[in-house]
Each structure stands twice: as structure tokens, then as C-alpha cells.
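2 protein chains.
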Amino acid sequence: MKCAHGIEARQVNELFINIDPIQAGGRLTADAMKAVIAYGDGYSVCDNCRKPNRLDYISKPPIAEFHRDLAAWLNMDMVRTVPGARRGFQAVAHTYVNKGDPVLLTSLSHYTEFLAVEECGGIPREIAVDAGHRVTAEAAAMKIEEVTREFGRVPVLALIDHVDYQYGNMHDVKEIARVTRQYDIPILYNGAYTVGILPVDGKDLGVDFMVGSGHKSMAAPAPSGVLATTTERGAEVFRTTATEGDITKRKFGIKEPAMMGCTLMGATLVGLMASFPHVKERVKQFDRELENNRIVMEALLSVEGTKVLSEYPRRHTLTRIDTIASFDKVAEYHKKRGFYLSSALEERGITGVIPGATKIWKFNTYGMTRKQAMHVAEAFLAIAQENGLIS
Amino acid sequence: MKCAHGIEARQVNELFINIDPIQAGGRLTADAMKAVIAYGDGYSVCDNCRKPNRLDYISKPPIAEFHRDLAAWLNMDMVRTVPGARRGFQAVAHTYVNKGDPVLLTSLSHYTEFLAVEECGGIPREIAVDAGHRVTAEAAAMKIEEVTREFGRVPVLALIDHVDYQYGNMHDVKEIARVTRQYDIPILYNGAYTVGILPVDGKDLGVDFMVGSGHKSMAAPAPSGVLATTTERGAEVFRTTATEGDITKRKFGIKEPAMMGCTLMGATLVGLMASFPHVKERVKQFDRELENNRIVMEALLSVEGTKVLSEYPRRHTLTRIDTIASFDKVAEYHKKRGFYLSSALEERGITGVIPGATKIWKFNTYGMTRKQAMHVAEAFLAIAQENGLIS
Chain A
1 MKCAHGIEAR QVNELFINID PIQAGGRLTA DAMKAVIAYG DGYSVCDNCR KPNRLDYISK
61 PPIAEFHRDL AAWLNMDMVR TVPGARRGFQ AVAHTYVNKG DPVLLTSLSH YTEFLAVEEC
121 GGIPREIAVD AGHRVTAEAA AMKIEEVTRE FGRVPVLALI DHVDYQYGNM HDVKEIARVT
181 RQYDIPILYN GAYTVGILPV DGKDLGVDFM VGSGHKSMAA PAPSGVLATT TERGAEVFRT
241 TATEGDITKR KFGIKEPAMM GCTLMGATLV GLMASFPHVK ERVKQFDREL ENNRIVMEAL
301 LSVEGTKVLS EYPRRHTLTR IDTIASFDKV AEYHKKRGFY LSSALEERGI TGVIPGATKI
361 WKFNTYGMTR KQAMHVAEAF LAIAQENGLI S
Chain B
1 MKCAHGIEAR QVNELFINID PIQAGGRLTA DAMKAVIAYG DGYSVCDNCR KPNRLDYISK
61 PPIAEFHRDL AAWLNMDMVR TVPGARRGFQ AVAHTYVNKG DPVLLTSLSH YTEFLAVEEC
121 GGIPREIAVD AGHRVTAEAA AMKIEEVTRE FGRVPVLALI DHVDYQYGNM HDVKEIARVT
181 RQYDIPILYN GAYTVGILPV DGKDLGVDFM VGSGHKSMAA PAPSGVLATT TERGAEVFRT
241 TATEGDITKR KFGIKEPAMM GCTLMGATLV GLMASFPHVK ERVKQFDREL ENNRIVMEAL
301 LSVEGTKVLS EYPRRHTLTR IDTIASFDKV AEYHKKRGFY LSSALEERGI TGVIPGATKI
361 WKFNTYGMTR KQAMHVAEAF LAIAQENGLI S
């Protein structure tokens, strides 16, 4: 089925249980879908933009109210929307990082954090992980000391993922923030896998910045995200423009250079807003999500040779497993080679595993019903049985 | 009608002829609307992302093909999508502008160009306009000389709007580019009001960069835009990442730091793509658009006292008029004050004039049928007659 000019009408989330590691939290809610249809046109939210002419002041649709609610929900003082979490990293990096400045990342930092640092000419320095692939406060303190010896000064900024993209492990941001605070290093909490997925509290964590991803974890269209901060840091990263035209003497009001003025002027923002009430509810049910993950994991681990590479028991639904000694053994002789696994899953209405992957791979059970989790668990067992991995 | 949580179902473009100055070119086509519905979910275009894992390499949906077609259509060598034209300015500014560097803008530059320069610490210097509010090559040359005297060096970058946001005047970018080339100054063509509206040709213009806006002029959802360049400049602004993790030794493939990696991962991109065939056709009909504008303008100018502030005859449909000596006279005594005009227009099914504006204001006739243009013209005449401005 085509919707236009070679663009197929995508029905992945209508026809399948999608266990793609990055897509589970970004499926639109029905309310977001309706809102996106109503606000699809370009500058659709700008109909009632009045002085001082900035996106977060618009009251119809209730964008100003959304900003207040979102900040309160994150327990931070101020928030702006951004075109993806990465644009939040970029805004903060551009505010604090100059050429040659060391910046604290981790051995599990996302590539967009590296790019944000690189674009400012900053020098990334990774905190080591422990044997369980976790970033600890002790390791953070050691790295800060190491950076201080190398550069003669502490890192100018720390970007720490609460849950990382590789293992879905949960890192102790609260304790790490305690350390960075001792060194007066501003700390950015990367909540791309947590904001909109599980409960988070910025003040409790003690972080300066919180970044979330709309299209990854807040049931919103891409590109969308949020950047929240404290009143103090807000004055820095949300500084208003100070430039002026040398001939016209034009000034540009309260527009914010790090935001490039207004950010999400249409469907992306309204999608984020329409999903927000649902997102606030779903984070409270995160224990059910972990229970669904456990159901799938127990099935997978019951196939001899399967190893979980993520911390276990799981504290997040994004999970990395090693099936070299189980499902990959079948790939050696199966006529579809490694593609047999994704193919057999698709036959059972499950998608999102990279076609061909049978060695080390990731999946995400977020957003399933209990019944769907049981179906996925049974599907893995049936495929194992079909291929002689279990009898 | 509500679509969710206080978000009203917007029907502006369904129920009205919309003459909002910035919205006319951003209304979705029916194909874009269908595509947005099919690709609303977060990372919806990433289902078939395979190595080398970059947005512009994805072939299903045909994103790679779209990039090639778009570059060819603009007559440039390379193109990337960006979350709004402003993010194109930002990427180019960050590549060429360092703290204290002079940057050439114009007295009619958009605020987002100023912000892009400000965020890099650059110093904006405006080219003067002539009496007709036009930026000429002569004035550009004079300003470059003036900057050279002031800074001891030429500007590091020029950002020039082909059609400006204030008057909708068309500026001679081709001649200006001839001048900047003589000084070896890279020049960015801001086509926020032209790319997707009227025919443009990057090689003919002789520019280094072309920026277009998806949500302003390419019938796409916000935030979306395009940044095109030459092979030579592409190696600079689309440079690939060179950073590395100091512990993990991770590198990040062919991701581009100035783009922050992938840019428009869902509805925004697919909306842009689905509208593209229509956009390619509509630019060929731009003479019809000017004719519709002329119909409305002649009606307005037939009301004694109305002045056109834009160049006339019009070369673009965005038009700035002065009705202080016509429609504003009614506002002095009308019980609705200045709101009578927008109110009387709404009664006639026309929206997009700022409520209360009767002195100096802008409108855009883009995208109307001939019949709609005649209706708008007649509406202005009827309102003038009703209020005793014409007999």
C-alpha cells in the first residue's frame, strides 16, 4: 500500500508487536495521532502567537501551560522543547564548552553527546564502567581527578545517561551528581530512555539539566525533545538575545540564541502535548513493564546458551542479550542463515529485531500488554523448539 | 471541537482562506497529510536503517532517492534535511564563524540569522537597503569594504535572504554572490520564502549554501528544512565525525557533527518528501500566484490612502501595506476599534491578518485559486464600502 510517490504506508505498529530497541517509547498515542492530523500544517501553532512572540508563551493551543506542567512534572524550574534530545545536548554544550575544554562523558555515552562536544571543539573524556557495565560515582570521581591532572582543570560539563543505549543499564546519576557538584561541574542528565518511561525527579537527582526525547520516549513525532533546567542554569542556557543590527538597531526581544528562537512550531509539539497526560500515567506503571520484560527474559534464558549482557534483574525494558551459544548455532546451517530468527518472529507477528542478528542483539519490551509479553515469550520458545535448541 | 486535553482541533485551513504571511507555503498537501499519519510514530523512518546507519542512506522509505532528487532540483551537489531553516544557518555559522568574526547580514535579515551568528560569538554587520528596501550588490560591496576597515579583514560568511520577511522584496542574490566571490566570502542563500515557492537554481545564483524551510514554504510539518551545498563546501559543513572515546576507542562512523547526526527521523521528513512532487510542480506556476496577488493588491490600492510598502509590481506574494490613511481611519471610531478589520474578514471566511492590525501589516496570497483571490479582493472592497472608505 502506497501513501505517496513510493512512500509505503507504514503499518509496523498496527500489524506487529514491535520490540525495536529505540522505537518502543515513541509510538504515538491515539490523542497524539489526532493532534498531529489537526496540526500537520507548517506553522500551525502560531495562529495565536502574540507579543512577546515566543513559542512557550502561546496560550492557544495551551503551549504555555504545557511548559509549566512539564517543568513541574520533571521537578525542574524551567523547560523548553527542542528538536530531539541531541539539540538539548547541543544547546548546553554550546553554552559551557569552548575549544580544548575537557568534557565528562561515559564509556556508554550516546554518539549524539560526542557530536555535541565535538562541534564545540571540546575534548570528550569517558568515565570507565565497572564489570557489570555500570557507571559509578567512584569512577566519576576518579575520572575527574585524571582529567584534572591531564588538563590542569576540571571538566567544564558532565553529560551522564541515566539509562544507556547499549545495555539499558541504570546508572547512579544521583551519586554522580553529588560528585560533580563537589567540583562545581554542571551536570546534564540524559533521560532519552527514562523521561516518559519511568518516574524521574530532577531536584532529587540534583542535576542542572534534564534532557528527554519526544520521539524516543514520550510518544511524540520526530524530531522532538525537552530540555529542563534550574532557574540559575536557565539564566545561562536560556539567555535571551543581546545582538543588534548595526544599521537598523534592531533587537530581537526575548528570543533565545541557544534555542535558535522558537523550536517546535507544529505537529511535533502538539503531538508531544497530546501524549503528555498519557505519558504521566504510564510512568507510574513501570513495574508492569519490568514484569513483562521478565516474562520474555525468562523464556529467552531458558534456552540453553543464552546470556543476558544487561544487568539482571532488569531495571529497564531495553535489554542486550548474547545468543551466540543458542540462536546463532541455528544460523550456521539454516537455509535462511541468520535471517531465520527475525523471519520466524515476523511470522508470529513480532518485529524490531535487526534482520540477520543472532549473536548479540537488543530488544525492548516497553508498552506491551501482559498477553503480548506472553506471546513474545512463547514465540521465542517455539522458535527454539522448532530449531532443536530445546526439546 | 477538542482533539485532546484542551488542544482544540485546528481547522484554520479547512474553514478559511488563510492570508497569514508565514503560513501560506506551509499548508500540507493531501499526500503529506497521509504520509504524516502513516509515519507519526517517533523513529518511524528507521525500520530499515542499515549500515552505514545514517538517515540520508535509508532506501525504504526512499529517503536516499529524495536527497538526490532534492539536490538536483536545487541544482546543488549535496543536501541534508534540518529541523527548520534556522538549523541550516546554525550549522553553517558554526562551521565558519568564530568569536569576534564579522558576518555579513542585511538590514532585512531574519532574526534567526542573527541568532545563528550570535551563538557563535560572531559580529553581525548589516548591508544597507536602498530607498526601495532592496539589497543591492553595490551596497554589499560597500559594506564589505567598511567591515574590512573596521576589522582588518573581510567577513567570514554572508547570509543573504533572496526574499525578505518584512517586505517580501526580491534581492539580487546572484549579483551579491558575484561580489562575495571576489572577496572569497562563502555565501548562504536564505530561501525560506523561495525554495518551494518559485523556481531557484543554486549554480546559476552562484551561492555556496542554499537553505529552505519545510514548514514555511515546502508544505511540510514543523520543524523541517533543507540545507544544500556544493561538493567543496559540503566537505566542510558536512564533515564527518573525527572524535573518539578515550577509553572505549569508539568512533562514530559517518555521522556529521554539524547535523548532530540524523536530523528528521519521522513525520517531518516524510511530510516533506510526500509534498515534494507537488512542490516541484507548483513553483512552475508562480506567475499565477503573482496574478492572484495583483488582483488583491489592485482592490486594496483602489481604496484611497492605501500604500504598498513592498516593491511594486510585486515579485513575491508576501506583501506589506500601509493602511494608516485608509482602513485605520475606521478604527478610530469603530466600536470594535482596530479589530473590526480582521473581524470583518473572518465573517467573509478570510483569516491570517493579525487581529487589531490596521496600520502597517502583511499578508500572503500564496496558494489561492483565482476565485479565492477575487473573493479576497471583493471582501476588502466590501469592508471599505461598509465603512465609508469608498462610495
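Heads up: the protein sequence lines correspond to chains A and B, in order.
Okay, so the first sequence: first residue is 1 according to the numbering used here, each after it adds one.
Okay, so the second sequence: first residue is 1 according to the numbering used here, each after it adds one.
Here a beta-carbon is modelled for each residue, glycine too, at the ideal position from N, C-alpha and C.
Here the structure is a predicted model, which means the values were calculated and not measured.
Item: Are V207 (chain A) and V226 (chain A) closer than 8 Å when you measure CB to CB?; Value: no
Item: Using DSSP's beta-bridge definition, name the partner residues of G393 (chain B).; Value: There is no way to answer for residue 393 (chain B), as the model of chain B reaches only from 1 to 391.
Item: Along the chain, where does the alpha helix (DSSP H) that runs through F286 (chain B) open and close?; Value: 286-301
Item: Any Cβ of chain B within less than 8 Å of the Cβ of R86 (chain A)?; Value: yes
Item: With a threshold of 8 Å, are at least 3 pairs of Cβ atoms found where one atom belongs to the stretch 253-262 of chain B and the other to the stretch 83-98 of chain B?; Value: yes
Item: Using a threshold of 8 Å, state whether the C-beta atoms of F238 (chain A) and M78 (chain A) are closer than that.; Value: yes
Item: Please report how far the alpha carbon of D184 (chain A) lies from the alpha carbon of I123 (chain A), in whole angstroms.; Value: 18 Å
Item: Taking Cβ-Cβ distances shorter than 8 Å, what residues in chain B pair up with K216 (chain A)?; Value: G42, Y43
Item: Looking at the unbroken beta strand (DSSP E) that takes in R320 (chain B), where does it start and where does it end?; Value: 318-322
Item: State the start and end residues of the unbroken alpha helix (DSSP H) segment that holds M374 (chain B).; Value: 370-386
Item: Are the C-beta atoms of Q23 (chain B) and some chain A residue less than 8 Å apart?; Value: yes
Item: Would you kindly work out how many angstroms separate the C-alpha atoms of D392 (chain A) and E378 (chain A), rounded to a whole number?; Value: The structure shown does not extend to residue 392 (chain A), since chain A spans only 1 to 391, so no value can be given for it.
Item: Can you look up K2 (chain B) in the DSSP assignment and give me helix, strand or coil?; Value: strand
Item: At the level of alpha carbons, what is the spacing between F339 (chain A) and T351 (chain A)?; Value: 12 Å
Item: For N13 (chain A), does the three-state DSSP call read helix, strand or coil?; Value: helix
Item: Report yes or no: do the stretch 24-42 of chain A and the stretch 63-72 of chain B share at least 3 C-beta pairs separated by less than 8 Å?; Value: no
Item: Roughly how far, in whole angstroms, is the beta-carbon of L157 (chain A) from the beta-carbon of L115 (chain A), given that I think they are within contact range, below 8 Å?; Value: About 14 Å separates the two Cβ atoms, so there is no contact after all.
Item: Give the secondary structure of R26 (chain B) by DSSP, where H, G and I count as helix, E and B as strand, and everything else as coil.; Value: Residue identity check: residue 26 (chain B) is Gly in the sequence provided, not Arg. Looking at G26 (chain B) - three-state DSSP - the assignment turns out to be helix.
Item: Locate the beta strand (DSSP E) running through L188 (chain A), then write down its first and last residues.; Value: 187-190
Item: Determine, using beta carbons only, whether L318 (chain B) and A222 (chain A) come nearer to each other than 8 Å.; Value: no
Item: What does C51 (chain A) reach in chain B if we use C-beta pairs closer than 9 Å?; Value: Reading the sequence as shown, one finds Lys at residue 51 (chain A) and not Cys. The contacting residues do not exist; K51 (chain A) stays about 10 Å from chain B at best.
Item: Within its chain, find whatever has a CB closer than 6 Å to the CB of F327 (chain B); leave out the 5 residues flanking it on each side and keep chain order.; Value: L341, T358
Item: CA-CA distance, C120 (chain B) and T241 (chain A)?; Value: 12 Å
Item: On the three-state DSSP scale, how would you describe K251 (chain B)?; Value: coil
Item: Could you list the residues in the stretch 9-21 of chain B with a C-beta less than 7 Å from some C-beta on chain A, going in chain order?; Value: A9, R10, V12, N13
Item: What whole-angstrom Cβ distance do A373 (chain B) and I295 (chain B) have, given they're in contact under 8 Å?; Value: 5 Å
Item: Below 7 Å on C-beta distance, what does V270 (chain A) contact in chain B?; Value: I7
Item: With DSSP as the reference, label V195 (chain A) as helix, strand or coil.; Value: strand
Item: Can you tell me which residues form a DSSP beta bridge with E8 (chain A)?; Value: A:K2
Item: Determine the extent of the beta strand (DSSP E) in which V200 (chain B) is found, giving its start and end residues.; Value: Neither: V200 (chain B) is in no beta strand (DSSP E) and is coded neither H nor E.
Item: Within 8 Å, do at least three Cβ pairs link the stretch 127-144 of chain B to the stretch 99-111 of chain B?; Value: yes
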